[in-house]
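Colleague: Residue numbers (this note's numbering): 3 to 172.
C-beta: ideal position from N, C-alpha, C; glycine also.
All figures in this text were calculated on a predicted structure; none of them were measured in a lab.
#1: Between which two residues does the beta strand (DSSP E) harbouring residue 102 extend?
#2: Inspect the beta-carbon positions of residue 99 and residue 124 and report whether they are closer than 8 Å.
#3: I'd like to know if the region 58-73 and the region 127-145 are in contact, where contact means that at least 3 CB-CB pairs between them fall below 8 Å.
#4: In terms of residues, what are the limits of the alpha helix (DSSP H) holding residue 161?
#5: Are residue 80 and residue 115 close, meaning C-beta to C-beta below 8 Å?
#6: Out of 158, 120, 145 and 107, which one is the CA nearest neighbour of residue 66?
#7: Measure the C-alpha to C-alpha separation of residue 106 and residue 97 and round it to an integer number of angstroms.
#8: Here's a check: name, in chain order, each residue in its chain whose Cβ is nearer than 6 Å to the Cβ of residue 109, leaving out the five neighbours to either side.
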């Protein structure tokens with residue numbers, strides 16, 4: 003019974019985190035260093051490409067956890083694509099498609115959004131992101147410097163969060 007209650011709470015929290023409206027915006031962009039947010043696991047790439055070892059990730063890096071069924075995630079994908087192009091060679095971008103049964107739809111979303119960066123496929127929810135979209139920043143050593151459930155609404159907003167939380171800045 004406890005497992006069922008915990009599962010229901012996780013589903014409700016996940017759904018509410020993924021139902022941000024365009025008027026919602028975070029007041030605070032800087033978060034204190036968080037505990038390690040990514041488990042030491044290897045996930046397959048979404049589409050072509052090598053498997054991605056999350057435990058070996060080093061930064062500076064921007065990690066976006068998303069899914070094709072999450073409307074805020076769909077709105078922000080083009081912003082991550084623009085960020086990846088603008089900061090190529092300086093700041094890495096990684097996407098993680100979370101518990102998404104519609105792999106083809108997710109790949110189509112990435113193409114439409116011009117989000118041309120590596121994306122891991124976490125069908126089983128091993129990253130334990132209990133809400134979407136989720137942004138994680140990693141420093142050069144791979145340490146989490148920022149982790150927040152937040153919808154990115156502009157390139158300026160993402161660059162500000164990165165500049166405030168990664169020494170490489172944007």
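Modeller: The short version:
#1: Position 100 of the chain shown, counting from 1, holds the residue named residue 102. Segment: none, residue 102 is in no beta strand (DSSP E) and carries neither H nor E.
#2: Within the chain shown, the letter at position 97 stands for residue 99. Within the chain shown, the letter at position 122 stands for residue 124. Their beta carbons are under 8 Å apart, which means residue 99 touches residue 124 by this criterion.
#3: Because the criterion of three Cβ pairs below 8 Å is met, the region 58-73 and the region 127-145 touch.
#4: Taking the chain shown and counting its residues from 1, the one referred to as residue 161 is at position 159. Boundaries of the alpha helix (DSSP H) around residue 161: 157-167.
#5: Numbered from 1 along the chain shown, position 78 holds the residue referred to as residue 80. Numbered from 1 along the chain shown, position 113 holds the residue referred to as residue 115. Against a cut-off of 8 Å, the Cβ pair of residue 115 and residue 80 comes out as a contact.
#6: The residue you call residue 66 lines up with position 64 of the chain shown. With distances taken between Cα atoms, residue 66 lies closest to 120.
#7: Indexing the chain shown from 1 puts residue 106 at position 104. Indexing the chain shown from 1 puts residue 97 at position 95. Each residue's Cα considered, the two are about 16 Å apart.
#8: If you number the chain shown from 1, residue 109 lands on position 107. Once the five neighbours on either side are set aside, the close Cβ partners of residue 109 are 49.
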